[in-house]
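Take 154 as the starting number for the sequence shown in our numbering and just add one per residue.
Don't be surprised by glycine CBs; every beta carbon is placed ideally from N, CA and C.
Notes follow once the structure below has been shown.
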Amino acid sequence: MTENTEGPFGPRRYRAWNEHVKTRYGGRVQKVSIEAGFTCPNRDGKLATGGCTFCNNDGFTPGYLNRRQSITEQINAGLDFLLRRYPGTDRYIAYFQSYSNTYGELAHLRALYEEALAHPKISGLAIGTRPDCLPDAVLDYLAELARGHIIELEIGVESCNDAVLASVNRGHDFAASVDAIGRAAARGLEVTAHLLLGLPGESMDSMLDGARQMSALPVHALKLHQLQLVRGTAMARAWQRDPSSVPLLDEPACIAMLADFIERLSPAILLQRVGSEVPPSMKLAPAWNVRLSELAPRISTELARRGSWQGSRYMATGSTSTGAKPPPSVLKLVV
Ligand code: SF4
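Dropping the structure here:
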């Protein structure tokens, strides 16, 4: 029998979210972004007023959003745009994306989420938030919603390194993420964690250790973002004053770092994103520009060049050797 040199995930070489969704729901699921008027405790003065030093939500907000519209009007506007762009989509979920979308009274959250779920085209919710904005009552409510809808809870972890989190004014530590992810997963919620790779103060070792730490948590999926400096942020201003204060990876180093990370990540975790793209008008640095649609194939190409794949260097907690092949239980999940 010949060896499958692509590993268990085919030519992509990692456990891709889109393929999982197609298998699970029988077709494409598209997110309709919602701007629900939230803020976050790192901006409204509860923790701080300046926000995380890398944050400018306008860098990630689709142009079709109008925050003065109701949730229903925003969904209609989003569908109008998405139906033209992705005509073959089978299902839509409302994406509460900007700021911390569980930061509010439960009654207020209920009103917003249930207006979205009442839309005839909406099958579920994706809700982005901070780990310290997830009290048990909110998680209980989301778990209740998840019994009848797709509910994807996105938690901003950003780094597993407390010194890095403090230096970017994140306002919570890694233990807060471990706690929130654990409490959500204990209720059966599927958690997607965000990591921002390449923050100042992060070393290659600390980022790769992040793959190990995330692999030990009950996360369903990860979104990896590479550091890009967005205009209007404190980090962008610091870089303009002194570029050496915010070291940035060039393109080959970034692709190599993402491949290194993916090799060390548990093969059981889905990768919902392997990079991000800031609109050129919002991006200050780095100068290199690869469309997101090109970045993912380049990472697969790098993994192929190495003859590796997601988890090929993963060391399970308690294990003493790296896994040249994924464990049989994982192979069962992906075939
Ligand atoms: S990244 Fe999130 S938590 Fe940080 S300032 Fe922006 S909205 Fe707030």
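Near ligand 1: residue i beta-carbon under 7 Å from a heavy atom
{"i": "residue 407", "result": "no"}
{"i": "residue 253", "result": "yes"}
{"i": "residue 229", "result": "no"}
{"i": "residue 309", "result": "yes"}
{"i": "residue 313", "result": "no"}
{"i": "residue 196", "result": "yes"}
{"i": "residue 204", "result": "yes"}
{"i": "residue 365", "result": "no"}
{"i": "residue 220", "result": "no"}
{"i": "residue 210", "result": "yes"}
{"i": "residue 283", "result": "yes"}
Rounded straight-line distance, which links the Cα of residue j to that of residue i
{"i": "residue 360", "j": "residue 463", "result": "16 Å"}
{"i": "residue 372", "j": "residue 161", "result": "20 Å"}
{"i": "residue 204", "j": "residue 299", "result": "30 Å"}
{"i": "residue 275", "j": "residue 260", "result": "21 Å"}
{"i": "residue 288", "j": "residue 232", "result": "32 Å"}
{"i": "residue 304", "j": "residue 158", "result": "35 Å"}
{"i": "residue 256", "j": "residue 319", "result": "21 Å"}
{"i": "residue 229", "j": "residue 236", "result": "10 Å"}
{"i": "residue 225", "j": "residue 344", "result": "25 Å"}
{"i": "residue 426", "j": "residue 377", "result": "6 Å"}
{"i": "residue 251", "j": "residue 296", "result": "22 Å"}
{"i": "residue 486", "j": "residue 339", "result": "Caution applies to residue 486, whose pLDDT of 26 falls short of 50 and renders its modelled position unreliable; the value that the coordinates give is listed next. Spanning the two alpha carbons is a distance of roughly 21 Å."}
{"i": "residue 176", "j": "residue 437", "result": "38 Å"}
{"i": "residue 292", "j": "residue 460", "result": "41 Å"}
{"i": "residue 428", "j": "residue 391", "result": "23 Å"}
{"i": "residue 239", "j": "residue 186", "result": "15 Å"}
{"i": "residue 380", "j": "residue 174", "result": "27 Å"}
{"i": "residue 321", "j": "residue 284", "result": "16 Å"}
{"i": "residue 223", "j": "residue 248", "result": "14 Å"}
{"i": "residue 367", "j": "residue 341", "result": "18 Å"}
{"i": "residue 449", "j": "residue 268", "result": "35 Å"}
{"i": "residue 165", "j": "residue 409", "result": "15 Å"}
{"i": "residue 484", "j": "residue 414", "result": "Per-residue confidence for residue 484 stands at a pLDDT of 29, beneath the threshold of 50, marking its modelled position as unreliable; no derived number is given."}
{"i": "residue 327", "j": "residue 346", "result": "12 Å"}
{"i": "residue 313", "j": "residue 199", "result": "23 Å"}
{"i": "residue 337", "j": "residue 282", "result": "12 Å"}
Delimiting residues of the alpha helix (DSSP H) encompassing residue i
{"i": "residue 454", "result": "445-459"}
{"i": "residue 184", "result": "Where residue 184 is concerned, there is no enclosing alpha helix (DSSP H), although the beta strand (DSSP E) it sits in stretches over 182-187."}
{"i": "residue 231", "result": "224-238"}
{"i": "residue 419", "result": "Residue 419 -> no alpha helix (DSSP H), and no H or E assigned at all."}
Residue range of the beta strand (DSSP E) that includes residue i
{"i": "residue 463", "result": "Note, residue 463: premise wrong, no beta strand (DSSP E); not H, not E."}
{"i": "residue 376", "result": "374-379"}
{"i": "residue 310", "result": "303-311"}
{"i": "residue 261", "result": "Counting along the chain, residue 261 falls outside any beta strand (DSSP E), though it belongs to the alpha helix (DSSP H) covering 259-270."}
{"i": "residue 426", "result": "423-426"}
{"i": "residue 437", "result": "436-438"}
Residues bridged to residue i [DSSP beta-bridge criterion]
{"i": "residue 391", "result": "The partner list for residue 391 (beta bridge, DSSP) is empty, contrary to what the question assumes."}
{"i": "residue 244", "result": "182"}
{"i": "residue 196", "result": "DSSP output for residue 196 lists no bridge partner at all."}
{"i": "residue 274", "result": "Residue 274 is not bridged to any residue."}
{"i": "residue 280", "result": "249 and 306"}
{"i": "residue 172", "result": "Bridge partners of residue 172: none, in fact."}
{"i": "residue 343", "result": "305"}
{"i": "residue 383", "result": "436"}
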